[in-house]
Structures are given as structure tokens and as C-alpha cells.
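In this note's numbering, the protein residues as written are 137 to 443. Here is the structure we will look at, set down as C-alpha cells.
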Amino acid sequence: MKRSLGYVVCILFCCFCLSVQPISAEFIEEELLHPESLSDENWFEVVDMLLEHRANIITALGGRPPTPPPPTTNPTDAPTKKPTKVKPTKVPTKVPTVTPTTLPTTVPTVTTYTIRSSGQNGGIAIPTGTWELEECETIILSFESEPGYELDYITDLVTGEKWSPAPSFISLYVDRNYDIAAVGKPRNQVRVDFTATPLTGMVVLEVTFTPVSIGSIEPDTWVWNFGNGEIKEMKSDTPVSTIYTMPGLYTVSLEGIRGALSGTETKTHYILVEPKIGGEECDAPPEECEVPPPVEECEIPVEECEA
């Protein structure tokens with residue numbers, strides 16, 4: 137039975153596959169036409185041949201052969217892969233650097249003013265000193281007095297403005313220079329001062345003196361010593377005059393009296409009276425402007441006149 141089945145298979149194989157795999161006549165005659173002569177090993181060869189040509193057999197019987205494996209291709213025979221189009225890199229356009237033009241900066245002008253404060257005759261300004269302040273700033277000054285004194289008035293030495301009675305403080309709006317002085321006067325004391333005009337001139341020279349009280353107590357008696365031998369006592373602070381008839385330097389004093397209290401002001405070499413030479417003014421010091429005595433003529437012999 138085995139050999140009969142093999143014989144039939146071999147006949148079919150010969151019918152459908154000779155065109156694909158030619159088989160020798162010797163193999164057909166010896167092996168296939170006489171299957172009884174096939175050994176077991178020959179049958180295995182026949183089966184291997186059937187397996188090898190199974191696709192042709194299936195096609196002949198009306199079937200669909202299995203898809204053959206893709207042919208092995210040589211890598212070198214592979215079609216060249218279409219190169220990928222590389223998008224060119226856009227080189228950025230170099231923008232030239234523009235250095236901005238530096239415009240000159242206009243610095244606003246700052247106006248500064250000098251502010252000075254001080255104390256006089258027992259007056260005290262707080263703070264005391266000198267400052268440079270910008271326009272539109274504000275400074276506050278306060279005022280006190282030394283022991284034994286009291287504030288008399290506050291004055292601006294730049295303009296001559298005076299605040300009397302003296303305030304305890306002032307606020308300055310800085311729009312100009314200021315020189316503020318706090319002026320004091322002795323408390324419960326008699327103090328006097330005076331001025332004169334003119335202070336110098338040719339003989340004969342008339343000078344007028346004006347007294348002033350600078351203490352806290354007003355004198356009721358004023359005693360003048362003009363230095364020319366004349367002394368005057370006045371009951372008020374009205375101006376008084378004197379006449380100088382001789383060249384020289386004169387010291388003048390004034391004493392103010394109020395009951396048991398008194399105060400004296402003395403000014404040394406205060407008045408200068410210059411002499412005249414031949415009716416002309418002398419600009420030299422008084423000792424050089426003195427007129428020498430006249431020289432009388434001598435009518436006796438010269439040797440006797442020398443004596």
C-alpha cells in the first residue's frame with residue numbers, strides 16, 4: 137500500500153512538475169516506473185522533491201501558492217534614496233550697529249546765597265555761622281541774650297532792616313544774601329554811645345555830637361567832655377556842638393547818669409584838627425604843620441648876631 141501511494145504521487149509529480157524541475161529519464165525509468173525498487177531512503181528523496189516543488193503542484197491543482205519570500209538584494213544594488221532637500225539656512229542680515237548720538241545734557245543752574253548770623257553786644261543768634269543755601273530754601277533763626285543782657289533788636293546788615301522789639305525767632309525764605317545780627321543791651325544798666333561829624337578838618341573846626349543810649353536804663357543827664365577844655369551837661373539826648381580853635385588830636389567822652397547808675401563812653405583821638413599855613417590847607421600831620429616863628433633881621437656884625 138505504501139509503495140502504491142508513493143507510485144501515484146510520483147506519477148502526479150511527473151505530470152505537473154517536469155517543466156519546472158526536469159527529471160532524468162533514468163530516474164523515471166528506474167525509480168518512478170518501478171516503485172517497488174525504491175528504498176526507504178529513495179522515498180524520502182521523493183518527498184523532499186515534492187516539498188521543494190509544492191508551489192507548482194498547488195497551482196496545477198487550482199490553488200494559490202504561498203507568497204515567495206522577497207528576493208535578497210545586494211545593498212549595493214538598492215536604488216539610491218532620493219536625497220532629502222535640505223532647506224538652506226537663512227543667514228541673518230547683519231544690521232549695522234548705530235551708536236546713538238549723545239546730546240549734551242543741560243544742567244540746570246542752581247543759585248546759591250550766603251546766609252550769615254551773629255550776635256552783638258550781648259545778643260546771641262542760634263545757630264551762629266555762615267551757610268551757602270540754594271534758592272527757595274528756608275532757614276529759621278532764633279535769638280537769645282547773654283547773662284546780664286537782653287535783646288534790643290534784630291537787624292539785617294545787608295539791607296539795614298531792623299526788627300524792634302527783637303523777636304524770639306525769624307524764618308528766612310532764601311532769595312538773596314542775608315547777614316542777620318542779634319543786638320543786645322545790658323539789663324538794668326546805663327550805657328551810652330555817640331557819633332560826631334565831621335571827624336577832621338582845618339582850624340577853626342566846629343563839630344556836632346549826637347548821643348545814644350544803648351543800655352536798658354535811659355539816662356536823664358548827659359555830661360560831655362570834648363577834650364578842648366569845654367564840658368557841657370545836658371538833660372536830654374539832643375545833639376550838641378563845640379568849636380576847636382587849635383590844631384591837634386582830641387579825645388572825647390560822654391557820661392550818662394540816671395540816679396546812682398552811670399555809664400561812660402570814651403573815644404581816644406576821635407577828632408583831628410589840622411592847622412593852616414599861609415591861608416592854605418596843610419595835609420601833613422599836625423606837628424609838621426606848625427608855623428615857625430618869624431626870623432628878625434640883625435643889623436649888628438654877623439659874629440655878634442650868631443649869639
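The beta-carbon is built from N, C-alpha and C at its ideal position, and this holds for glycine as well.
Using the C-alpha atoms, what's the distance from D311 back to P244? As a working mapping, residue 244 is identified with position 108 in the sequence shown. As a working mapping, residue 311 is identified with position 175 in the sequence shown. So the alpha carbons of these two residues sit roughly 17 Å apart.
Residue range of the beta strand (DSSP E) that includes L335: Here residue 335 is taken as the residue at index 199 of the sequence shown, counted from 1. It is not in any beta strand (DSSP E) - L335 carries neither H nor E in the DSSP assignment.
Specify the secondary structure class of D128 as computed by DSSP and reduced to three states. Residue 128 is absent from the model: the chain starts at 137 and stops at 443.
Closest to W301 by CA distance: which of E280, D315, N313 is it? Within the sequence shown, the letter at position 165 stands for residue 301. Inspection of the sequence shows that residue 301 is occupied by Pro rather than by Trp. Minimum Cα distance to P301 is reached at E280.
Following the continuous beta strand (DSSP E) through S372, name the residue where it begins and the one where it ends. Start at 1 with the first residue of the sequence shown, and residue 372 comes out as number 236. S372 -> no beta strand (DSSP E), and no H or E assigned at all.
Per DSSP, what kind of secondary structure is Q157 in: helix, strand or coil? Here residue 157 refers to the residue found at position 21 when the sequence shown is read from its first residue. In this prediction, Q157 has a pLDDT of 48, which is less than 50 and means its spatial position is unreliable; nothing more can be read from the coordinates.
Does DSSP put T247 in a helix, in a strand, or in coil? For the purposes of this step, residue 247 is taken as residue 111 along the sequence shown, with counting starting at 1. DSSP places T247 in coil when its eight states are reduced to three.
If you drop the 5 nearest sequence neighbours on each side, which residues of the same chain put their C-beta closer than 6 Å to that of T248? On the sequence shown, position 112 is the one that residue 248 refers to. Closer than 6 Å at Cβ, skipping near neighbours: E268, E270.
Of the residues P355, I379, K371, L308, which one's Cα is nearest the Cα of A396? Start at 1 with the first residue of the sequence shown, and residue 396 comes out as number 260. Of the listed residues, the one whose Cα sits closest to A396 is P355.
Same chain only: Cβ atoms within 6 Å of M137, ignoring 5 sequence neighbours per side: Numbered from 1 along the sequence shown, position 1 holds the residue referred to as residue 137. Residue confidence for M137 is low, a pLDDT of 49 falling below 50, so the modelled location carries little weight; the figure read from the coordinates is stated next. Taken in chain order, the list of residues that qualify is empty.
Taking only runs that begin and end inside the region 260 to 309, name each unbroken beta strand (DSSP E) of 3 or more residues, in chain order. 265 to 270, 274 to 281, 285 to 292, 305 to 309
Looking at C-beta atoms only, is the number of pairs between the region 334 to 343 and the region 302 to 322 that lie closer than 8 Å three or more? no
Taking E257 and V319 to be in contact with their CB atoms under 8 Å, please state how far apart those CB atoms are, rounded to whole angstroms. For the purposes of this step, residue 257 is taken as the residue at position 121 of the sequence shown. For the purposes of this step, residue 319 is taken as the residue at position 183 of the sequence shown. According to the sequence provided, residue 257 is Asn. The question's Glu does not apply to it. Right, the Cβ-Cβ distance comes to about 6 Å (below 8 Å), so this counts as a contact.
Start-to-end residues for the beta strand (DSSP E) that takes in D315: As a first step, residue 315 must be located in the sequence shown, where it is residue number 179. It spans 314 to 322 - the beta strand (DSSP E) in which D315 sits, taken as one unbroken run.
Please check the pair N324 and S352, which I expect to be a contact at CB under 8 Å, by giving their CB distance rounded to whole angstroms. Start at 1 with the first residue of the sequence shown, and residue 324 comes out as number 188. Start at 1 with the first residue of the sequence shown, and residue 352 comes out as number 216. Indeed, because the Cβ distance is near 6 Å, the residues count as touching under 8 Å.
Which term fits G365, buried or exposed, when burial requires 16 or more other beta carbons within 10 angstroms of its beta carbon? Translated into positions along the sequence shown, residue 365 becomes position 229. The residue in question, G365, is exposed, as its Cβ has fewer than 16 Cβ neighbours within 10 Å.
Classification of P236 by the beta-carbon crowding that lies within 10 angstroms, buried from 16 upward: Locating residue 236 in the sequence shown gives position 100, counting from the first residue. The residue is exposed, with fewer than 16 neighbouring Cβ atoms inside 10 Å.
Looking only at DSSP bridge pairs, what is Y406 linked to? Residue numbering aside, residue 406 sits at position 270 when the sequence shown is read from its first letter. According to DSSP, Y406 bridges with nothing at all.
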